[in-house]
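Residues -20 to -1, 1 to 133 in mature numbering (1 follows the signal peptide of the UniProt record, and there is no 0) are what the sequence shown lists, from first letter to last.
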Amino acid sequence: MKFHFLKVFTLSLAMVVFMACDKDDDTTEDRVTAEDIAEIKTIINSGEWHVSYFFDTDEDDTDNFTGYGFTFNVNGVLGATDGNAALSGAWSIAVSDADDADDVDFNIVFNAPDDFEELSEDWHIVKYTQSKIELNHVSGGSGDTDYLTFEKN
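#1: Starting from Asp94, follow the alpha helix (DSSP H) in both directions and report where the run begins and ends.
#2: Excluding the five sequence neighbours on either side, which residues of its own chain have a C-beta within less than 8 Å of the C-beta of Asp124, listed in chain order?
#3: Using DSSP's beta-bridge definition, name the partner residues of Ile113.
#4: Judging by CA-CA distance, which residue of Phe86, Asn44, Leu67 is the nearest neighbour of Lys18?
#5: Taking the alpha helix (DSSP H) that Ala18 belongs to, which residues open and close that run?
#6: Taking 8 Å as the limit between beta carbons, can you name the residues of its chain near Asn25, skipping five residues before and five after?
#7: Within the same chain, show all residues whose beta-carbon is closer than 6 Å to that of Ser32, passing over the 5 residues directly before and after it, in chain order.
#8: Would you report the Cα separation of Lys21 and Tyr48, rounded to the nearest angstrom?
#9: Taking the C-alpha atoms as reference points, what is the distance between Gly63 and Thr46?
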């Protein structure tokens, strides 16, 4: 009886150890590299986009951009319009660290109004498709993470 208990215990312990070491392949993130920059630029230059999600520090501010269409022009000019007001900013995609080709930033700059200034960051490209670009930014001060998603209209 003692031997049977020891055998079951050893087998159970081995299963726990193997399961704890299992790698979760579903959470693997493809890294955006310098090689992806040309493709992302081609995608973002085509058509009009809208903000489908914007989380700033501790709240969802997506509604601040409802009705605005964004155009990312080849010359680096970023336009935003809601049919009445037209705003102009700048954008670029570049490797931000000369020593690390995998450190690619999606830069956005708006000087006004305040809601649009909140978009002015050096965003990290998390994921992209032909119709969606997901970005995040970790604040250097507080360490909070902001999230921004553009979807093609």
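Glycine included, C-beta positions come from ideal geometry on N, C-alpha and C.
Note that this is a predicted model, so its numbers are computed, not measured.
Judging by the given coordinates:
#1: Residue numbering aside, residue 94 sits at position 114 when the sequence shown is read from its first letter. From DSSP, the alpha helix (DSSP H) with Asp94 extends over 94 to 97.
#2: Start at 1 with the first residue of the sequence shown, and residue 124 comes out as number 144. Sequence-distant partners of Asp124 (beyond 5 residues in either direction) whose C-beta falls short of 8 Å from its own C-beta, in its chain, are Thr37, Asp38, Val118.
#3: Here residue 113 is taken as the residue at index 133 of the sequence shown, counted from 1. Looking at the DSSP assignment, Ile113 forms a beta bridge with Tyr108, Phe130.
#4: Position 38 of the sequence shown holds residue 18. What sits at residue 18 in the sequence shown is Ala, not Lys. Taking only the C-alpha atoms, the option nearest Ala18 is Phe86.
#5: Walking along the sequence shown from the start, residue 18 turns up at place 38. Taken as a continuous stretch (DSSP letters only), the alpha helix (DSSP H) holding Ala18 covers 17 to 25.
#6: Numbered from 1 along the sequence shown, position 45 holds the residue referred to as residue 25. Within the same chain, Asn25 has close Cβ partners Phe52, Asn53, Val54.
#7: Reading the sequence shown from its first residue, position 52 is the one you call residue 32. Thr129, Glu131, listed in sequence order.
#8: Here residue 21 is taken as the residue at index 41 of the sequence shown, counted from 1. Here residue 48 is taken as the residue at index 68 of the sequence shown, counted from 1. Taking the straight line joining both Cα atoms gives about 20 Å.
#9: The count along the sequence shown starts at 1 and reaches residue 63 at position 83. The count along the sequence shown starts at 1 and reaches residue 46 at position 66. Answer to the nearest angstrom: the Cα atoms are 12 Å apart.
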